[in-house]
Amino acid sequence: KAGVTQTPRYLIKTRGQQVTLSCSPISGHRSVSWYQQTPGQGLQFLFEYFSETQRNKGNFPGRFSGRQFSNSRSEMNVSTLELGDSALYLCASSLETGKLPEGANVLTFGAGSRLTVL
Amino acid sequence: DAKTTQPPSMDCAEGRAANLPCNHSTISGNEYVYWYRQIHSQGPQYIIHGLKNNETNEMASLIITEDRKSSTLILPHATLRDTAVYYCIVRHPRAGGTSYGKLTFGQGTILTVHP
Numbered sequence: 499k500a501g502v503t504q505t506p507r508y509l510i511k512t513r514g515q516q517v518t519l520s521c522s523p524i525s526g527h528r529s530v531s532w533y534q535q536t537p538g539q540g541l542q543f544l545f546e547y548f549s550e551t552q553r554n555k556g557n558f559p560g561r562f563s564g565r566q567f568s569n570s571r572s573e574m575n576v577s578t579l580e581l582g583d584s585a586l587y588l589c590a591s592s593l594e595t596g597k598l599p600e601g602a603n604v605l606t607f608g609a610g611s612r613l614t615v616l
Numbered sequence: 002d003a004k005t006t007q008p009p010s011m012d013c014a015e016g017r018a019a020n021l022p023c024n025h026s027t028i029s030g031n032e033y034v035y036w037y038r039q040i041h042s043q044g045p046q047y048i049i050h051g052l053k054n055n056e057t058n059e060m061a062s063l064i065i066t067e068d069r070k071s072s073t074l075i076l077p078h079a080t081l082r083d084t085a086v087y088y089c090i091v092r093h094p095r096a097g098g099t100s101y102g103k104l105t106f107g108q109g110t111i112l113t114v115h116p
């Protein structure tokens with residue numbers, strides 16, 4: 499089956515612009531999480547969505563936002579871009595029905611969207 | 002979630018077993034140990050997880066000490082394609098409504114497999 503699909507894979511923006519990244523989870527997966535990866539900070543959790551509701555949020559400024567649609571697809575938006583927002587943005591999905599054993603709730607990551615802010 | 006400590010880097014010869022240690026001395030009784038790896042420029046990939054028993058799957062084996070304060074990921078016959086950053090993560094189980102999507106990644110271990 500198809501994996502987690504993220505678009506676009508690469509993009510270049512300038513400071514002050516805004517960007518929207520898209521994530522299509524594995525079919526049937528209802529939980530979508532977003533991560534930012536930078537050389538200095540490593541992999542950091544941004545937020546998680548389940549059934550169109552944000553369930554958890556990492557320690558990022560309000561410029562970072564997201565949403566989830568009824569088909570579980572998710573988008574994240576970064577407004578007023580800063581140079582430090584240059585990073586690999588990763589999306590992950592998981593099945594999570596509440597009735598599965600722990601092992602069924604592993605995260606499957608997409609290949610990421612690499613954002614460069616100039 | 003409990004913190005983990007891993008060596009920053011390790012080397013392994015191709016065809017030999019790669020043993021990657023992880024310390025999680027503050028782990029609580031219901032926290033699971035997960036291993037993910039990230040090959041350059043790709044998203045992290047799930048490898049294996051366990052609670053207290055040793056686990057094996059087609060990718061690797063996970064050995065958890067009896068006191069659960071440390072674990073070892075074993076790649077039995079490392080290949081060049083196993084060169085990656087390996088992350089050991091401890092997290093709460095599903096029960097209680099804990100968010101599953103939030104994983105706390107450390108710096109991981111850079112495993113380099115040499116020909």
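Same order as they appear, the protein sequences are chains G and A.
For the first sequence, the tail end lands on 616 under the working numbering, and the numbers increase by one without skipping.
For the second sequence, the tail end lands on 116 under the working numbering, and the numbers increase by one without skipping.
Cβ coordinates follow ideal geometry from the N, Cα and C atoms, glycine included.
{"Check": "Contiguous beta strand (DSSP E) assignments of at least 3 residues, all confined to the stretch 510 to 586 of chain G", "Outcome": "517 to 522, 529 to 536, 540 to 548, 551 to 555, 562 to 566 and 572 to 576"}
{"Check": "Between the CA atoms of Thr73/A and Gly30/A - distance to the nearest angstrom", "Outcome": "18 Å"}
{"Check": "Beta bridge counterpart(s) of Met60/A as assigned by DSSP", "Outcome": "DSSP, once it has assigned bridges, lists no residue as partnering Met60/A."}
{"Check": "Closest Cα partner of Val576/G within the set Ala500/G, Gln516/G and Thr512/G", "Outcome": "Gln516/G"}
{"Check": "Whole-Å CB distance - Pro8/A paired with Thr110/A, under 8 Å assumed", "Outcome": "5 Å"}
{"Check": "Interface partners of Gln43/A on chain G, CB under 9 Å", "Outcome": "Phe607, Ala609 and Gly610"}
{"Check": "Nearest residue (CA-CA) to Ser531/G, options Thr614/G, Gly582/G, Gln504/G and Ala500/G", "Outcome": "Gln504/G"}
{"Check": "Glu550/G versus Gln534/G - alpha carbon distance", "Outcome": "21 Å"}
{"Check": "Per-residue contacts from Leu588/G into chain A (C-beta, under 9 Å)", "Outcome": "Gly44 and Pro45"}
{"Check": "Close beta carbons around Gln519/G, own chain, < 6 Å, minus the five adjacent residues each side", "Outcome": "According to the sequence provided, residue 519/G is Leu. The question's Gln does not apply to it. Around Leu519/G: Met574, Tyr587 and Ser611."}
{"Check": "Environment of His115/A [buried if 16+ CB atoms lie within 10 Å]", "Outcome": "exposed"}
{"Check": "Length of the line joining the Cα atoms of Val86/A and Arg38/A", "Outcome": "5 Å"}
{"Check": "Cβ contact check for the stretch 16 to 36 of chain A and the stretch 59 to 79 of chain A: 3 or more pairs under 8 Å", "Outcome": "yes"}
{"Check": "Neighbour list for Gln108/A in chain G, Cβ cutoff strictly below 7 Å", "Outcome": "Gly540"}
{"Check": "Neighbour flag for Ser549/G against chain A, beta carbons, 9 Å", "Outcome": "no"}
{"Check": "Chain A contacts from the stretch 558 to 573 of chain G (Cβ-Cβ distance under 9 Å)", "Outcome": "none"}
{"Check": "Backbone secondary structure at Asp12/A - three-state DSSP", "Outcome": "strand"}
{"Check": "Backbone CA spacing between Ile524/G and Gln566/G [nearest angstrom]", "Outcome": "14 Å"}
{"Check": "is_contact[Gly97/A, chain G] using C-beta, thresh 9 Å", "Outcome": "At Gly97/A, the pLDDT of 46 sits below 50, so the modelled position is not reliable; the number obtained from the coordinates is stated separately. No, its Cβ sits nowhere closer than 9 Å to a Cβ of chain G."}
{"Check": "Supposed contact pair Leu21/A and Leu112/A - C-beta distance, whole angstroms, cut 8 Å", "Outcome": "6 Å"}
{"Check": "Through-space distance from Ser568/G to Phe548/G, alpha-carbon basis", "Outcome": "10 Å"}
{"Check": "Through-space distance from Ile48/A to Ala96/A, alpha-carbon basis", "Outcome": "With a pLDDT of 45 at Ala96/A, under the threshold of 50, the modelled position of that residue is not reliable, and no figure is offered here."}
{"Check": "Beta-carbon gap between Lys4/A and Thr105/A smaller than 9 Å", "Outcome": "yes"}
{"Check": "Beta-carbon spacing of Ala590/G, Leu579/G below 9 Å", "Outcome": "no"}
{"Check": "Other residues of its chain near Asn40/A: CB distance less than 6 Å, five sequence neighbours each side excluded", "Outcome": "The identity of residue 40/A in the sequence shown is Ile, whereas the question assumes Asn. Answer for Ile40/A: Ala85, listed in chain order."}
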